[in-house]
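A short write-up of the structure that comes next.
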Amino acid sequence: MISKTEGNFTYLLDDAYIHLAIAKNFALYDVWGMTPHAFSSSSSSPVFTFLISVFIKIFGNSALIPLAINVVCASGILFFLTKYYGSFSTKTTFVVSAVLVTVFSAALHLQLFSGMEHLLQVLLVVLNIYFLTDWVQGNFKNSKPMFFFYATLLFLGLVRFEMMFYFVSLAFFLLLTKKFREAVLVLLFGFFPVFIFCWFNYQHTGHLFPNSVVVKGAAIDFSGNILAQLRDLFLTAFQNRSFYKRCLLPLLLLSAVLIIDYRNKKSFKGFISNNFLLLAWGTTMLLHSIFADLKSILRYEAYLMVAFAMLIIPRLTAYFENFKKVYKINILLTFLIAGNVLLMISKMVFSHKILLYGSKNIYEQQVQAGKFLQAYYNDSKIVANDIGAMSYFTEIYLFDIVGLGSPQVMEFKQKPNYSQDDLGQFVGAYTKTHHYDIAIVYKEWLRGFVPKDWEEIAVLSIESNAVVSQPDVTIYCINPAIKESLKNNIRKFNWNKNVKVKFIE
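With the numbering used here applied, the sequence shown covers 10 to 514.
Structure representation (structure tokens):
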């Protein structure tokens, strides 16, 4: 990876530098924000960002801290997966195969280099299932696994907010098994930290959740037709190709396992008691597909794939230990297993491409833009759309046209029925009134609303794009007084050899 980035370790996503920027500013300036100048609720994983800030405070500002955290999380995942699968079989081949299938089904090797919170999320999910399974096997009487199970719930919601789907689903199926106290405690331990954060966030932003959740997440307007909105959300989810590519086969395999068990049970109560955790995670996946995201280097659904593997693989031990004897017993089940194996292989192929070019793309585009600003405009007023590296490497005054780092844009986008022209006029007026200097943005993201006072100066282009939204970034001059110096600085800067700079005359 570093051979393509001039020896500089670079994460696979610009989002990693959003965590780093906020953590740096919180550790060094006591400001929870993309810049040292203002609060912004831009992190979708408050626990992960806070953890980075603690290490920056202790060890100093280093971009390698998220990688170090992920290495520790990955080690914990492998350790506890080995212990978990070892409790179902003493055969080494089963344990090793089960761990490898779990890791590669969720593309965890890819998440290691993303610099994001998803390995921490997966580690907590692994611990949650590990201790819950132990607690259930002891008929809910052993206090040690109970303690660790509830402890994981305290952190899960603030590592990723979509874990709330799991809290609701698990509590529902615990209620069906008449575990009323346990269901209430799941909701209490899961949601209490989230409620505290929401209260704090609301005091600062007027919104319950971080900007990224507000901007990107599905929302329901309770003043409108709720049933119609829910219908639209369901239709949107099931028309999403990512759902079929990533979730359909695991859900079908889960359904087959449940049907087999249902046929073997004498009562519905026994079926629910034996499968409440599988049912809870199946429901979690459906809720995630409807209300959350399934895109971006397989990271959002990684926790789901790990949970599915941990719950389904022990039911398929015979397939791992003696495949030739059992594969003909249930041809449909064998077919679904084969389909999921092919899905895992396709993820490995996809991951290989991302590992080859992801860091290269981020280094040549976002990091180079950030270094350019650091060299010439370190404390200037800058407009951007990919805000991670540009904010982390500088101390700029940021205006984010997406809204993750700028509440003004997010508030504007909450207005009903605004047009792209309206947004363009707002961005143009705001950046002019507040004396912004430069914009470094994807022209395509402006969607035709380029403010009339912005002058296109240069286009930065990269090749072999695997992870960034667009291969071309445009530099606009907003402040006419710096036009010539901006051109000269673009010429003088030592751009990476793979970045093609084209001036607009």
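Ideal placement from N, C-alpha and C gives every residue a C-beta, glycine not left out.
Keep in mind it's a predicted model, so treat the numbers as computed, not measured.
**Q.** Alpha carbon of Ile67 to alpha carbon of Leu73, nearest angstrom
**A.** Locating residue 67 in the sequence shown gives position 58, where the first residue counts as 1. Locating residue 73 in the sequence shown gives position 64, where the first residue counts as 1. Across the structure, Ile67 and Leu73 are spaced so that their CA atoms are roughly 14 Å apart.
Q.
Distance check for Ala347 and Lys254, CA to CA, integer angstroms please.
A. Counted from its first residue, the sequence shown places residue 254 at position 245. Counted from its first residue, the sequence shown places residue 347 at position 338. Looking at the two C-alpha atoms, the distance is approximately 15 Å.
Q: Go ahead and label Tyr93 buried or exposed: buried means 16 or more other beta carbons lie within 10 angstroms of its beta carbon, across all protein chains shown.
A: The residue you call residue 93 lines up with position 84 of the sequence shown. It counts as buried.
Q. Ordered along the chain, which non-local residues of its own chain (more than five positions away) have a Cβ less than 6 Å from that of Phe317?
A. As a working mapping, residue 317 is identified with position 308 in the sequence shown. For Phe317, where only same-chain residues beyond five positions count, the Cβ hits under 6 Å are Pro259.
Q.
Could you check whether the Cβ of Phe164 sits closer than 6 Å to any heavy atom belonging to the ligand MG?
A. The ligand MG is not part of the structure shown, which contains no ligands of any sort.
Q: Given a cut-off of 7 Å, decide if Ser473 and Tyr312 are closer than it, judged by their beta-carbon atoms.
A: Here the question's residue 312 lines up with position 303 in the sequence shown. Here the question's residue 473 lines up with position 464 in the sequence shown. No, the Cβ-Cβ distance between Tyr312 and Ser473 is not below 7 Å.
Q. Cβ atoms of Phe149 and Ala289: under 7 Å apart, would you say?
A. Locating residue 289 in the sequence shown gives position 280, counting from the first residue. Locating residue 149 in the sequence shown gives position 140, counting from the first residue. Against a cut-off of 7 Å, the Cβ pair of Phe149 and Ala289 comes out as no contact.
Q.
Check for me: the alpha helix (DSSP H) holding Ser473 runs from which residue to which?
A. As a first step, residue 473 must be located in the sequence shown, where it is residue number 464. Here Ser473 belongs to no alpha helix (DSSP H), and DSSP marks it neither H nor E.
Q) Where does Val224 fall in DSSP's three states? A) The count along the sequence shown starts at 1 and reaches residue 224 at position 215. Of the three classes helix, strand and coil, the one that applies to Val224 here is helix, per DSSP.
Q | Option nearest Glu420 by Cα separation, candidates Ser221, Val335 and Ile363 | A | Working through the sequence shown from its first residue, we reach residue 420 at position 411. Glu420 has its Cα closest to that of Ser221, out of Ser221, Val335 and Ile363.
(Q) Within the continuous beta strand (DSSP E) that includes Val510, where are the two ends? (A) Against the sequence shown, residue 510 aligns to sequence position 501. Counting along the chain, the beta strand (DSSP E) containing Val510 begins and ends at Lys509 to Phe512.
Q: State the CB to CB distance for the pair Phe140 and Phe158, rounded to an integer number of angstroms; the pair is presumed to be in contact (CB under 8 Å).
A: Locating residue 140 in the sequence shown gives position 131, where the first residue counts as 1. Locating residue 158 in the sequence shown gives position 149, where the first residue counts as 1. About 4 Å separates the Cβ atoms of Phe140 and Phe158, confirming a contact at the 8 Å cut-off.
(Q) Which residue wins for smallest C-alpha separation from Phe435, given the options Val418, Thr91, Ala83 and Ile449? (A) Stepping through the sequence shown from its first residue, residue 435 is reached at position 426. Checking every option, the nearest Cα to that of Phe435 belongs to Val418.
Q: Determine which residues share a DSSP beta bridge with Cys82 and list them.
A: Position 73 of the sequence shown, counted from the start, is the residue given in the question as residue 82. Beta-bridge pairing by DSSP links Cys82 to no other residue.
Q. How many Å lie between Gly147 and Leu129 at the Cα?
A. Looking up residue 147 in the sequence shown gives position 138. Looking up residue 129 in the sequence shown gives position 120. Distance between the alpha carbons of Gly147 and Leu129: 27 Å.
Q: Measure the Cβ-Cβ separation of Asn394 and Trp454 and say whether it is below 7 Å.
A: Here residue 394 refers to the residue found at position 385 of the sequence shown. Here residue 454 refers to the residue found at position 445 of the sequence shown. Result yes, Cβ atoms of Asn394 and Trp454 sit closer than 7 Å.
**Q.** Thr483 - containing beta strand (DSSP E), residue span
**A.** Your numbering for residue 483 matches position 474 in the sequence shown. First-last of the beta strand (DSSP E) with Thr483: Asp481 to Cys486.
Q: With a threshold of 16 other CB atoms inside 10 Å of the CB of Asn545, please say whether the residue is buried or exposed.
A: Here the chain has residues from 10 to 514 only, and residue 545 is not among them.
Q. Over what stretch of residues does the beta strand (DSSP E) that includes Leu407 continue unbroken?
A. Within the sequence shown, residue 407 is the residue found at index 398, counting from 1. Per DSSP, Leu407 belongs to the beta strand (DSSP E) from Tyr406 to Asp409.
Q. For Gly69, does the count of other Cβ atoms within 10 angstroms reach 16, so buried, or fall short, so exposed?
A. Stepping through the sequence shown from its first residue, residue 69 is reached at position 60. With a threshold of 16 other beta carbon atoms within 10 Å, Gly69 falls short and is exposed.
Q. How would you call Glu493, buried or exposed, if buried means at least 16 neighbouring beta carbons within 10 angstroms?
A. Position 484 of the sequence shown holds residue 493. It counts as exposed.
Q: State the CB to CB distance for the pair Ile27 and Ser62, rounded to an integer number of angstroms; the pair is presumed to be in contact (CB under 8 Å).
A: Against the sequence shown, residue 27 aligns to sequence position 18. Against the sequence shown, residue 62 aligns to sequence position 53. With a Cβ gap of about 13 Å, Ile27 and Ser62 do not count as contacting.
Q.
If I measure Cβ to Cβ from Asp388 and keep anything under 6 Å in the same chain, skipping five residues before and after, which residues do I get?
A. For the purposes of this step, residue 388 is taken as residue 379 along the sequence shown, with counting starting at 1. Correct list, in chain order: Glu404.
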